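Below is one structure, written out as structure tokens; comments come after it.
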Amino acid sequence: MTDHSFNPFKMAQDQFDAVAEKLGLDDGTREFLRTPNREYHFNISVRMDDGSYKVFKGFRCQHNDARGPAKGGIRFHPQETVDTVRALSMWMTWKTAVVDIPLGGGKGGVICDPHNLSLREQEAICRGWVRQIAPNIGPLQDVPAPDVMTNGQHMLWMLDEYEKISGGRYPGFITGKPVGMGGSLGRTEATGYGAVYCLREALIEKGVDVKNTTASIQGFGNVSRYAIELYTQYGGKVIAVASWDNSEKKAYTFKKESGINRDELLGITNKFGEIDKTKAAAMGYEILDGNAWIQQDVDILIPAAMENQVNAETAPMIKDTVKVILEGANGPTTPEADEIIKEKGILMIPDFLANAGGVTCSYFEQVQCNTNYFWPKEEVLTKLDEKMTAAYKAVSKTAKDQNVYMRDAAYIISIARVAEACKMRGWV
Ligand code: GLU
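Going left to right, the sequence shown walks through residues 134 to 561 as the working numbering numbers them.
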């Protein structure tokens, strides 16, 4: 399923260029916004458990901080590339802008595979990452968060290293911290729930009752799990979930026509979101190939795994029953696939809108840390719903008013906001 010539940074730039053209953005602003403003590449040397030393490549890209400190996660992934981090940092800028929070866009990464690293080795990578970049990030400059294969524990190790270096307590250095250690209630749920708030609004607009809908999802990580939870609470039925099998280096789809049981599947899933095939088969799940999730007769498709999954090869497999695509992942759909989706008349809820719930809750975490007063979960989720609903409605209105694709509508709003901030600062 992976196209090795695929370059997410080129894709992010192509998406940007098309909308910059529509907006009539001047050349200087275009040049400034189509690459990260700053990027850092470094080596992290780690003493492994067997006593040897291994060097891991680390990155941080700060795409734009005109609207506030750069903001975005850190991924641990064996196939990480600087171009992926560049693209993701750019998408973060558009993400914080579309939900209108006072932050910019950044992203970090380390080329490593946590499947093969002990917790002590992962801790050493986290601390090493912070030591390399500490002078260039911080609560007022650039604030990291979890992403693919990183979680609250990684964030806390990073915070601890930063506080050792800085000699104080700086909870605003990082978000996605564990609850009770400066984290916000609802942060774990936020990305998946935020996506489903958008989906709810889309279905209302379309006059479709969520209770009569079915969905198929790619991925069974943090985004997917909570999207399934809320969508199911609303009365929708998920009939298929695709998950990665690291031992075979391929994905499988787990299908149950009567509806999957998320908690039952979670009970047979490892910490990387990989579902045990043998146990799933024994529980009555059909085990299908990795692409099967996109070929289901459902109303809603949710790619919530990695980039480049809905592409020229897989998009033609989408069935005519599909009404909405909700992008839980960052960059799951290529521009070629977008053309196919437009032709099919499917409503696209684009990544940097659909999955903005995570960073929105990170912003709430910052606010709570700054005031040292933590809100109940209901309050966090109510505020999240308000932000996501307002952002969805604004994008949908722009799409209708200007008769453009939803992804372009989201770009129009975000690029205009960021370009304006850069202009007001006198940068362009
Ligand atoms: N990594 C998440 C994202 O891609 C969250 C970023 C954040 O909370 O800063 O949106």
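For glycine and all other residues, C-beta sits at the position ideal for the given N, C-alpha and C.
Since this is a predicted model, take the numbers as computed values, not measurements.
- prompt: Heavy atom of the ligand GLU less than 6 angstroms from the Cβ of K475, yes or no?
  reply: Residue numbering aside, residue 475 sits at position 342 when the sequence shown is read from its first letter. Because no heavy atom of the ligand GLU lies under 6 angstroms away, the Cβ of K475 does not count as near it: no.
Assess, as a yes-or-no matter, whether the segment 151-158 is touched by the segment 213-225 under the definition of 3 or more beta carbon pairs within less than 8 angstroms.
no
DSSP three-state assignment for Q195, whether helix, strand or coil: Numbered from 1 along the sequence shown, position 62 holds the residue referred to as residue 195. If DSSP states are grouped into helix, strand and coil, Q195 belongs with the strands.
### Message
For the ligand GLU, I want to know if V492 counts as a neighbour, meaning its beta carbon is within less than 6 angstroms of at least one of the ligand's heavy atoms.
### Response
Position 359 of the sequence shown, counted from the first residue, corresponds to residue 492. Because some heavy atom of the ligand GLU lies under 6 angstroms away, the Cβ of V492 counts as near it: yes.
* What span of residues does the alpha helix (DSSP H) with V500 cover, start to end? -> What you label residue 500 is simply residue 367 of the sequence shown in a count that begins at 1. 490-504 is the extent of the alpha helix (DSSP H) around V500.
- Start and end residues, beta strand (DSSP E) containing Y385: Here the question's residue 385 lines up with position 252 in the sequence shown. Run containing Y385: 383-388, per the beta strand (DSSP E) assignment.
Cβ separation of V179 and F189, assumed to be a contact under 8 angstroms, to the nearest whole Å: Position 46 of the sequence shown, counting from 1, holds the residue named residue 179. Position 56 of the sequence shown, counting from 1, holds the residue named residue 189. About 6 angstroms separates the two Cβ atoms, so the contact holds.
Smallest Cα separation from K456: which of T214, D280, N345?
Here residue 456 refers to the residue found at position 323 of the sequence shown. Comparing Cα-Cα distances from K456 to each of T214, D280, N345, the minimum goes to N345.
*asked:* The beta strand (DSSP E) that contains D563, what's its start and end?
replied: Coverage of the chain is limited to positions 134 through 561, which leaves residue 563 absent and any answer about it impossible.
Next item on the list: Check I433 in the structure and name its three-state DSSP category.
Entry: Here the question's residue 433 lines up with position 300 in the sequence shown. If DSSP states are grouped into helix, strand and coil, I433 belongs with the strands.
key: Nonlocal neighbours in the same chain, by C-beta distance under 7 angstroms from L273, ignoring five residues either side   = Position 140 of the sequence shown holds residue 273. The residues are P202.
Exercise for the section: Consult DSSP for W262 and reduce its assignment to one of helix, strand or coil. Expected result: Looking up residue 262 in the sequence shown gives position 129. Three-state DSSP puts W262 in a helix.
**Prompt:** So what does DSSP say about E296, is it helix, strand or coil?
**Reply:** Within the sequence shown, the letter at position 163 stands for residue 296. Correct three-state label for E296: helix.
| request: Report the partner residues of L459 according to the DSSP bridge assignment. | output: On the sequence shown, residue 459 is found 326 positions in, with the first residue counted as 1. DSSP, once it has assigned bridges, lists I482 as partnering L459.
message: Along the chain, where does the beta strand (DSSP E) containing Y173 start, and where does it finish?
response: Working through the sequence shown from its first residue, we reach residue 173 at position 40. Segment 171-180, the beta strand (DSSP E) holding Y173.
Measuring only from the beta carbon, is N308 closer than 6 angstroms to any heavy atom that is part of the ligand GLU?
Here residue 308 corresponds to residue number 175 of the sequence shown, with the count starting at 1. The question names Asn, yet the displayed sequence has Thr at residue 308. T308: yes, Cβ under 6 angstroms from the ligand GLU.
_Just checking A145 against the ligand GLU - is the residue's beta carbon closer than 6 angstroms to any of the ligand's heavy atoms?_
What you label residue 145 is simply residue 12 of the sequence shown in a count that begins at 1. Outside the cutoff, so no.
Original post:
So who's on the other strand from H210, going by DSSP bridges?
Top reply: Mapped onto the sequence shown, residue 210 falls at position 77. DSSP output for H210 lists I244 as bridge partner(s).
query = Nearest-angstrom Cα distance between G559 and M144?
reply = Walking along the sequence shown from the start, residue 559 turns up at place 426. Walking along the sequence shown from the start, residue 144 turns up at place 11. One C-alpha to the other measures close to 28 angstroms.
Under three-state DSSP, which class holds H137?
Along the sequence shown, read from residue 1 onward, the residue named residue 137 stands at position 4. With a pLDDT of 47 at H137, under the threshold of 50, the modelled position of this residue cannot be trusted; read the value that follows with caution. In this structure, H137 counts as coil in the three-state DSSP scheme.
- Does the Cβ of H287 have 16 or more other Cβ atoms within 10 Å, making it buried, or fewer, making it exposed? Locating residue 287 in the sequence shown gives position 154, counting from the first residue. Buried: at least 16 other Cβ atoms inside 10 Å.
Report the option in T283, R320, I548 whose CA atom is closest to the CA atom of E498.
Taking the sequence shown and counting its residues from 1, one reaches residue 498 at position 365. It is R320 whose Cα lies nearest to the Cα of E498.
Q.
Please classify R208 as buried or exposed, where buried requires at least 16 other C-beta atoms within 10 Å of its C-beta.
A. By one-based count along the sequence shown, residue 208 stands at place 75. Buried, by the Cβ-count rule.
CA-to-CA distance, I393 to A413, given in whole angstroms
Along the sequence shown, one-based indexing puts residue 413 at 280. Along the sequence shown, one-based indexing puts residue 393 at 260. Spanning the two alpha carbons is a distance of roughly 11 angstroms.
Close-in-space but distant-in-sequence residues of the same chain around N140 (CB under 6 angstroms, 5 per side omitted):
Here residue 140 refers to the residue found at position 7 of the sequence shown. If we look at N140 and ignore the five residues flanking it on each side, its Cβ neighbours are D216.
- Task: Out of Y385, N284, Y326, state which residue places its alpha-carbon closest to the alpha-carbon of K510.
- Result: Sequence index remark: in the sequence shown, residue 510 carries index 377 (1-based). The residue with the shortest Cα to Cα distance from K510 is Y326.
message = Short of 7 angstroms in beta carbon distance, which residues of its chain neighbour D430, apart from the five on each side in sequence? Order them along the chain.
response = As a first step, residue 430 is located in the sequence shown; it is residue number 297 there, counting from the start. Once the five neighbours on either side are set aside, the close Cβ partners of D430 are K452, T454.
Spatial neighbours of P211 within its chain, please: CB distance less than 6 angstroms, with the 5 preceding and 5 following residues excluded, ordered by chain position. Mapped onto the sequence shown, residue 211 falls at position 78. The residues are D246.
Secondary structure of I186, DSSP reduced to three states
If you number the sequence shown from 1, residue 186 lands on position 53. According to the sequence shown, residue 186 is Tyr rather than Ile. Reduced to three states, the DSSP call for Y186 is strand.
Problem - Alpha-carbon to alpha-carbon, L236 and V343 - result: Here residue 343 corresponds to residue number 210 of the sequence shown, with the count starting at 1. Here residue 236 corresponds to residue number 103 of the sequence shown, with the count starting at 1. Going by the C-alpha atoms only, they are around 33 angstroms apart.
Notebook entry, point to check: Do V443 and T229 have their CB atoms nearer than 7 angstroms?
Noted result: Translated into the one-based positions of the sequence shown, residue 443 becomes position 310. Translated into the one-based positions of the sequence shown, residue 229 becomes position 96. Against a cut-off of 7 angstroms, the Cβ pair of T229 and V443 comes out as no contact.
| message | Rounded to the nearest angstrom, what separates D182 and G191 at their Cα positions? | response | In the sequence shown, counting from the first residue as 1, residue 182 sits at position 49. In the sequence shown, counting from the first residue as 1, residue 191 sits at position 58. When rounded, the distance between both Cα atoms is 20 angstroms.
Distance, S299 Cα to S349 Cα: As a first step, residue 349 is located in the sequence shown; it is residue number 216 there, counting from the start. As a first step, residue 299 is located in the sequence shown; it is residue number 166 there, counting from the start. The alpha-carbon atoms of S349 and S299 are separated by roughly 46 angstroms.
Quiz item: Going by DSSP, what residues sit across from E419 in a beta bridge?
Solution: Sequence index remark: in the sequence shown, residue 419 carries index 286 (1-based). Answer by DSSP bridge pairing, in chain order: K388.
**Prompt:** Is the beta carbon of G261 less than 7 angstroms from the beta carbon of G239?
**Reply:** By 1-based counting over the sequence shown, the position of residue 261 is 128. By 1-based counting over the sequence shown, the position of residue 239 is 106. Cβ distance not < 7 angstroms, so G261 and G239 don't count as in contact.
key: Coil, strand or helix - G309 by DSSP   = Stepping through the sequence shown from its first residue, residue 309 is reached at position 176. It is coil, neither helix nor strand.
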